[in-house]
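Keeping their order, the protein sequence lines are chains A and B.
The first sequence: position 36 = 36 (the numbering used here), numbered continuously.
The second sequence: position 176 = 1176 (the numbering used here), numbered continuously.
No residue lacks a Cβ here, since even glycine has one placed at the ideal position from N, Cα and C.
This structure is a prediction, so every number in the text was calculated from the model and none was measured.
Notes for the one structure printed next.
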Amino acid sequence: MDGRLSLTVVTPERAVLQAVACDEVTLPAQRGEIGILPGHTPLIALLGVGVVGYRDGSRRAAVAVRGGFVEIAGDAVRVLADDAAAPDVIDAAAVSAVKQEAEGRRDRAAGDEELDAADADARFADARLAVVRPG
Amino acid sequence: MANLIDIRRRIRSVKNTQQITKAVKMVAASKLRRSQDRAIATRPYASTLEATLRAVVARVAPREDGAPLHPLLATRVEKNVVLVVVSGDKGLAGGFNTNVNRAAAAFLREAPERGFARVAFVALGKKANDFWRRRPVEILKAQAGLAAIGAASAGEIARALAAQFVSGETDAVYVISNEFKSAISQVVSTKKLLPIALENSANAAGGADYLYEPSPEEILGTLLPRFLEFQMYRAILESQAAFFAAQMTAMDSATKNAGDMIDSLTLTYNRARQARITKELIEIVSGAAALE
């Protein structure tokens, strides 16, 4: 333990971040955002849709995640997301289109299931946009 | 002695075949690389998911009435069984598709002995589709075009299977697929997908005692279906990598065989040609000798 966190973000299809050293991680847990500092107690939490932010010194970065869970053991923070996107693979224009389409579906949704799916799509698009356009 | 033109024609045709096998081999090799990478990319996810699931299961207190912790863990007498057959979409891969289908047929034959009253099929991949559609079996779902199946659609298949299992319509789900061992070895394996079996070792919780948010029960409820979906996805990915490996090996030996055949045909051709020349010479010489 060198007093630094090591953040890993993986999805079934690929590894988005591999053991990136950082000083602080914020996670979109299902019941609100949680912040992790080195020395955190071991935790398993389910994640919602949102942005995983991490800070290395004064440098901040983020990836968008959708669902899944996080396991914190020692200084290792492992995020297993259903889907995740780092800023360098996000095409803002394409995501905007996805967002509009998902919002359209959300407004027209008939059942709860359909609504949830559309809503999650829209929020994941939002998260991706937030990641590429900070602020 | 065979006709010279015939031999030449055969050489040409074998050469054409060799060109095809060679091309297929090259394509398979490059696709193998890609699908192998995809299969390997799932490993970090797989190991963490399994470890976490074990820790959670060990942590969740057993129910007092002995009921399973989660519907997906419920073991029942296996009467209604679903068999998922994962094959390739194309041929030219040696025994790859035949082996899975044969294993599935053996499974079906043994069904009465094992007490399965009903075996329904889910055929994934074009070859399994073609094979089982022509047979008198119940097919729940048939899907070709495995290459296009991503995590999302594999999850959909798994969710459908899980729903049937939870409703009690089916008692167990088995998967027969080719496992990718290495580029030269694929093994057909039969695995039980449902009910989910986790080795519940007592020391699984060892080490860190986690905080759970929300409760361990709720986390288990979310993780188990995801684990199932992931198993399905992984079986498909592995089968794909195994397919290209099998295809590469098969086409490599086919190319070699074609090469051997061309060599032996060329030898026969040259012999026949020389024999003809010799024969013509003898005719000329003996013709001249006769005039003297």
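What number of angstroms, rounded off, separates the C-alpha of Gly-1094 (chain B) from the C-alpha of Ala-1111 (chain B)?
-> The sequence position of residue 1094 (chain B) within the second sequence is 94, counting from 1. The sequence position of residue 1111 (chain B) within the second sequence is 111, counting from 1. If I take the Cα positions, the gap works out to 27 Å.
Put Gly-67 (chain A) into one of helix, strand or coil per three-state DSSP.
-> Translated into the one-based positions of the first sequence, residue 67 (chain A) becomes position 67. It is coil, neither helix nor strand.
Do we get a CB-CB distance below 8 Å when we pair Gln-30 (chain A) with the residues of chain B?
-> Taking the first sequence and counting its residues from 1, the one referred to as residue 30 (chain A) is at position 30. Yes, its Cβ sits closer than 8 Å to a Cβ of chain B.
By a C-beta neighbour count over all protein chains shown, 10 Å radius and 16 as the cutoff for buried, is Asn-1016 (chain B) buried or exposed?
-> Walking along the second sequence from the start, residue 1016 (chain B) turns up at place 16. It is exposed - the Cβ of Asn-1016 (chain B) has fewer than 16 other Cβ atoms within 10 Å.
Cβ-Cβ distance between Ala-1103 (chain B) and Thr-1190 (chain B) below 8 Å | Position 103 of the second sequence, counted from the start, is the residue given in the question as residue 1103 (chain B). Position 190 of the second sequence, counted from the start, is the residue given in the question as residue 1190 (chain B). Against a cut-off of 8 Å, the Cβ pair of Thr-1190 (chain B) and Ala-1103 (chain B) comes out as a contact.
In terms of DSSP beta bridges, what is Asp-1209 (chain B) paired with?
-> Counted from its first residue, the second sequence places residue 1209 (chain B) at position 209. Paired residues: none, contrary to the question.
What are the residues that DSSP puts in a beta bridge with Thr-1190 (chain B)?
-> Looking up residue 1190 (chain B) in the second sequence gives position 190. BP columns for Thr-1190 (chain B) point to B:Ile-1176.
Can you list the residues of chain A that Ile-1219 (chain B) reaches, using a CB-CB cut of under 9 Å?
-> Looking up residue 1219 (chain B) in the second sequence gives position 219. Ordered by position in chain A, the residues that pass the 9 Å Cβ test against Ile-1219 (chain B) are Ile-44, Ala-45, Leu-46 and Phe-69.
Would you say the region 67-78 of chain A touches the region 93-108 of chain A, given that touching needs at least three Cβ pairs under 8 Å?
-> no
Would you mind giving the Cβ-Cβ distance between Thr-1255 (chain B) and Ile-1007 (chain B), rounded to the nearest angstrom? I have them listed as a contact below 8 Å.
-> Within the second sequence, the letter at position 255 stands for residue 1255 (chain B). Within the second sequence, the letter at position 7 stands for residue 1007 (chain B). Contact doesn't hold; Cβ gap of about 21 Å is too wide.
Does DSSP put Tyr-1270 (chain B) in a helix, a strand or coil?
-> Here residue 1270 (chain B) refers to the residue found at position 270 when the second sequence is read from its first residue. Position check: residue 1270 (chain B) holds Asn in this sequence, whereas Tyr was assumed. Reduced to three states, the DSSP call for Asn-1270 (chain B) is helix.
Check whether the Cβ of Thr-1048 (chain B) lies closer than 8 Å to any Cβ atom in chain C.
-> Reference to chain C is not applicable here, since the protein chains of this structure are A and B.
What residues from chain B crowd round Thr-26 (chain A), counting only those whose CB sits closer than 9 Å?
-> As a working note, residue 26 (chain A) is residue 26 in the first sequence. Result: empty, since nearest Cβ-Cβ is about 15 Å, beyond 9 Å.
Run down chain A in chain order and give the residues with a C-beta less than 8 Å from the C-beta of Asp-1209 (chain B).
-> As a first step, residue 1209 (chain B) is located in the second sequence; it is residue number 209 there, counting from the start. In chain order: Pro-42.
From the beta carbon of Val-1056 (chain B), is the nearest beta carbon of chain A less than 8 Å away?
-> The residue given as residue 1056 (chain B) occupies position 56 in the second sequence. Yes, contact with chain A.
Just reading off the alpha helix (DSSP H) that Lys-1126 (chain B) is part of, what are its end residues?
-> Position 126 of the second sequence holds residue 1126 (chain B). That run of the alpha helix (DSSP H) goes 1126-1133.
Examine chain A for any beta-carbon lying closer than 8 Å to the beta-carbon of Leu-1124 (chain B), and answer yes or no.
-> By 1-based counting over the second sequence, the position of residue 1124 (chain B) is 124. No, its Cβ sits nowhere closer than 8 Å to a Cβ of chain A.
Which partner residues does Asn-1080 (chain B) have in the DSSP bridge list?
-> The residue you call residue 1080 (chain B) lines up with position 80 of the second sequence. In DSSP, Asn-1080 (chain B) forms a bridge with B:Arg-1118.
Span separating the alpha-carbon of Lys-1022 (chain B) from that of Met-1251 (chain B) = Here residue 1022 (chain B) refers to the residue found at position 22 of the second sequence. Here residue 1251 (chain B) refers to the residue found at position 251 of the second sequence. If you take the alpha carbons of Lys-1022 (chain B) and Met-1251 (chain B), they lie about 7 Å apart.
Give the C-beta separation of Asp-112 (chain A) and Gly-57 (chain A) to the nearest angstrom, bearing in mind that I take them to be a contact with Cβ-Cβ under 8 Å.
-> Stepping through the first sequence from its first residue, residue 112 (chain A) is reached at position 112. Stepping through the first sequence from its first residue, residue 57 (chain A) is reached at position 57. With a Cβ gap of about 44 Å, Asp-112 (chain A) and Gly-57 (chain A) do not count as contacting.
Using the beta-carbon count (16 or more within 10 Å), is Asn-1003 (chain B) buried or exposed?
-> Working through the second sequence from its first residue, we reach residue 1003 (chain B) at position 3. The residue in question, Asn-1003 (chain B), is exposed, as its Cβ has fewer than 16 Cβ neighbours within 10 Å.
Taking only beta-carbon positions, decide if Glu-13 (chain A) is within less than 8 Å of chain B.
-> Position 13 of the first sequence, counted from the first residue, corresponds to residue 13 (chain A). So yes, Glu-13 (chain A) belongs to the interface.
Top-ranked residue by Cα proximity to Tyr-1233 (chain B), from B:Leu-1265, B:Ala-1158 and B:Met-1261 = The residue given as residue 1233 (chain B) occupies position 233 in the second sequence. The shortest Cα separation from Tyr-1233 (chain B) among B:Leu-1265, B:Ala-1158 and B:Met-1261 belongs to B:Ala-1158.
With a 10 Å radius around its C-beta and 16 neighbouring C-beta atoms as the bar for buried, classify Ile-1176 (chain B) as buried or exposed.
-> As a working mapping, residue 1176 (chain B) is identified with position 176 in the second sequence. It counts as buried.
Under the assumption that Phe-1180 (chain B) contacts Ala-1242 (chain B) (Cβ atoms under 8 Å), give the Cβ distance between them as a whole number of angstroms.
-> Sequence index remark: in the second sequence, residue 1180 (chain B) carries index 180 (1-based). Sequence index remark: in the second sequence, residue 1242 (chain B) carries index 242 (1-based). That pair is a contact at about 4 Å.
Interface residues of chain A around Glu-1156 (chain B) at Cβ under 7 Å?
-> If you number the second sequence from 1, residue 1156 (chain B) lands on position 156. Ordered by position in chain A, no residue passes the 7 Å Cβ test against Glu-1156 (chain B), which lies about 12 Å from the chain.
Starting from the beta carbon of Arg-78 (chain A), find every residue of chain B whose beta carbon is closer than 7 Å, and list them in chain order.
-> Residue 78 (chain A) sits at position 78 when you count from the first residue of the first sequence. Going along chain B in sequence order, the residues near Arg-78 (chain A) (Cβ under 7 Å) are Thr-1048.
Inter-residue Cα distance where the pair is Ala-1106 (chain B) and Ala-1148 (chain B) | Taking the first residue of the second sequence as position 1, residue 1106 (chain B) is located at position 106. Taking the first residue of the second sequence as position 1, residue 1148 (chain B) is located at position 148. Approximately 29 Å between the Cα atoms of the pair.
Establish whether the CB of Ser-6 (chain A) and some CB of chain B are separated by less than 8 Å.
-> Counted from its first residue, the first sequence places residue 6 (chain A) at position 6. No - not a single Cβ of chain B is within 8 Å of the one on Ser-6 (chain A).
Contact list for the region 1023-1049 of chain B against chain A, Cβ threshold 8 Å = Arg-1038, Ala-1041, Thr-1042, Pro-1044, Tyr-1045, Thr-1048 and Leu-1049
Relative to the alpha-carbon of Gln-1186 (chain B), which residue among B:Ala-1144, B:Ser-1286 and B:Ala-1235 has its alpha-carbon at the smallest distance?
-> For the purposes of this step, residue 1186 (chain B) is taken as the residue at position 186 of the second sequence. Nearest C-alpha to Gln-1186 (chain B): B:Ala-1235.
Quick one: residues in its chain with C-beta nearer than 8 Å to the C-beta of Tyr-1045 (chain B), no 5 flanking neighbours on either side, listed in chain order?
-> Stepping through the second sequence from its first residue, residue 1045 (chain B) is reached at position 45. Result list for Tyr-1045 (chain B): Phe-1230, in chain order.
Within its chain, find whatever has a CB closer than 6 Å to the CB of Ser-1013 (chain B); leave out the 5 residues flanking it on each side and keep chain order.
-> What you label residue 1013 (chain B) is simply residue 13 of the second sequence in a count that begins at 1. Here the set comprises nothing.
Segment contact flag, the region 81-99 of chain A with the region 23-32 of chain A, C-beta cutoff 8 Å, min 3 pairs = no
DSSP on Ala-1204 (chain B), reduced to helix/strand/coil?
-> What you label residue 1204 (chain B) is simply residue 204 of the second sequence in a count that begins at 1. For Ala-1204 (chain B), the predicted model reports a pLDDT of 45, less than 50, meaning its position is unreliable; a value from the coordinates is still stated below. Helix at Ala-1204 (chain B).
Could you tell me whether the Cβ of Ala-1346 (chain B) comes closer than 8 Å to any Cβ of chain A?
-> This structure leaves residue 1346 (chain B) out entirely; chain B is present only between 1001 and 1292.
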